[in-house]
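K.L.:
Quick one: the structure is below, and I'll ask about it shortly.
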Amino acid sequence: MENLDQNQLTEEQGVPRNSIVWKFAIIFGLIFIIYIILSNMFREQMMEQSTLVTILTGLIMLAGIIITQMQVRDKSFMGTMNFSKGLGTGMLFTIYLTLIIVVFGLLFNTVIFPETLQEQQQLAIDQMREQEMSQEQIDQAMKFTGFMFKPVGAALVGLFSNLFFGLILSLIGAAVTSRNK
């Protein structure tokens, strides 16, 4: 009898999890697309507030993960969801969201505003000069990070950083949203 109860916690009984995850990945993907466009419009101010921007991005992603996990718990697993299902749901959301963001980022940086990455690179160089770094230090930094200012490099950095932080945030979300009967 105990095995039956455990199976009920892990078997989908309502709305398919995948459809809920896609729904919220698209919603939060659109939020991030608007965020990317606004960031581009105000990139100088955003670079000055990079810590705040990073925190805001993480909070938006955490909200998306937790909302998705709660919806899956309530609609797919009938109010109960173990930690591993919560983690899996968070990672599915992260993968789908990352796919949307990376595809948009590639289009944005190659077709819509191809000059954006070059301008961001110049802003980074200007900030290094303001910090009184030598030209040799700036050149060395650009050798190390120069690939990040190319569309494919930016996409790869976005891919891996989103997946890494998505894992951490999914663990947090699963701890908050898991509920066993």
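Count along the sequence shown starting at 1, add 879, and that's the number in my numbering.
We put the CB at the ideal spot given by N, CA and C, even for glycine.
My assumption, with CB atoms under 8 Å, is that residue 972 sits in contact with residue 937. Please give the rounded CB distance.
P.N.:
Counted from its first residue, the sequence shown places residue 972 at position 93. Counted from its first residue, the sequence shown places residue 937 at position 58. That pair is no contact at about 14 Å.
K.L.:
For the alpha helix (DSSP H) holding residue 972, just list the boundary residues, first then last.
P.N.:
As a working mapping, residue 972 is identified with position 93 in the sequence shown. That run of the alpha helix (DSSP H) goes 962–986.
K.L.:
Which residues does DSSP list as the beta-bridge partners of residue 1058?
P.N.:
The residue labelled residue 1058 in the question sits at position 179 within the sequence shown. DSSP lists 960 as partners of residue 1058.
K.L.:
Just how far apart, CA to CA, sit residue 892 and residue 978?
P.N.:
Here the question's residue 892 lines up with position 13 in the sequence shown. Here the question's residue 978 lines up with position 99 in the sequence shown. Cα to Cα, the separation comes out at about 27 Å.
K.L.:
Return the first residue and the last residue of the alpha helix (DSSP H) that residue 898 is part of.
P.N.:
The count along the sequence shown starts at 1 and reaches residue 898 at position 19. 896–920 is the span of the alpha helix (DSSP H), which, as asked, contains residue 898.
K.L.:
Applying the criterion that 16 or more other CB atoms from any shown protein chain within 10 Å of the CB defines a buried residue, is residue 917 buried or exposed?
P.N.:
Here the question's residue 917 lines up with position 38 in the sequence shown. Residue 917 comes out exposed.
K.L.:
Taking C-beta to C-beta, are residue 990 and residue 1038 nearer than 8 Å?
P.N.:
The count along the sequence shown starts at 1 and reaches residue 990 at position 111. The count along the sequence shown starts at 1 and reaches residue 1038 at position 159. Against a cut-off of 8 Å, the Cβ pair of residue 1038 and residue 990 comes out as no contact.
K.L.:
Would you call residue 931 buried or exposed, if buried means 16 or more other Cβ atoms sit within 10 Å of its Cβ?
P.N.:
Numbered from its first residue, the sequence shown carries residue 931 at position 52. Answer is exposed; the Cβ neighbour count stays below 16.
K.L.:
If you drop the 5 nearest sequence neighbours on each side, which residues of the same chain put their C-beta closer than 7 Å to that of residue 1049?
P.N.:
Within the sequence shown, the letter at position 170 stands for residue 1049. Around residue 1049: 944, 966, 969, 970, 973.
K.L.:
Could you name the residues of the same chain whose beta carbon sits closer than 7 Å to that of residue 988, not counting the 5 residues immediately before and after it, in chain order?
P.N.:
Locating residue 988 in the sequence shown gives position 109, where the first residue counts as 1. Correct list, in chain order: 995, 996, 1030, 1033.
K.L.:
Taking the continuous alpha helix (DSSP H) assigned at residue 945, which residues delimit it?
P.N.:
Here residue 945 refers to the residue found at position 66 when the sequence shown is read from its first residue. Per DSSP, residue 945 belongs to the alpha helix (DSSP H) from 929–954.
K.L.:
Could you compute how far the alpha carbon of residue 993 sits from the alpha carbon of residue 1002?
P.N.:
The residue you call residue 993 lines up with position 114 of the sequence shown. The residue you call residue 1002 lines up with position 123 of the sequence shown. Answer to the nearest angstrom: the Cα atoms are 15 Å apart.
K.L.:
Could you give the DSSP three-state label for residue 892: helix, strand or coil?
P.N.:
Here residue 892 refers to the residue found at position 13 of the sequence shown. In this structure, residue 892 counts as coil in the three-state DSSP scheme.
K.L.:
According to DSSP, simplified to helix, strand and coil, what is residue 1011?
P.N.:
Taking the sequence shown and counting its residues from 1, the one referred to as residue 1011 is at position 132. Correct three-state label for residue 1011: coil.
K.L.:
Specify the secondary structure class of residue 994 as computed by DSSP and reduced to three states.
P.N.:
The residue given as residue 994 occupies position 115 in the sequence shown. It is coil, neither helix nor strand.
K.L.:
Using 8 Å as the threshold, is the C-beta distance between residue 1058 and residue 998 below it?
P.N.:
Counting from one through the sequence shown, the residue named residue 1058 turns up at place 179. Counting from one through the sequence shown, the residue named residue 998 turns up at place 119. Cβ distance not < 8 Å, so residue 1058 and residue 998 don't count as in contact.
K.L.:
Report buried or exposed for residue 964, applying the criterion of at least 16 other Cβ atoms within 10 angstroms of its Cβ.
P.N.:
Residue mapping note: residue 964 aligns to position 85 of the sequence shown, counting from 1. By the 10 Å Cβ count, residue 964 comes out buried.
K.L.:
Identify, in the order they occur along the chain, each residue of the same chain with its Cβ nearer than 7 Å to the Cβ of residue 919, setting aside the five sequence neighbours on each side.
P.N.:
Taking the sequence shown and counting its residues from 1, one reaches residue 919 at position 40. Answer for residue 919: 992, 995, listed in chain order.
K.L.:
What is the DSSP secondary structure of residue 1022, reduced to helix, strand or coil?
P.N.:
Counted from its first residue, the sequence shown places residue 1022 at position 143. Reduced to three states, the DSSP call for residue 1022 is helix.
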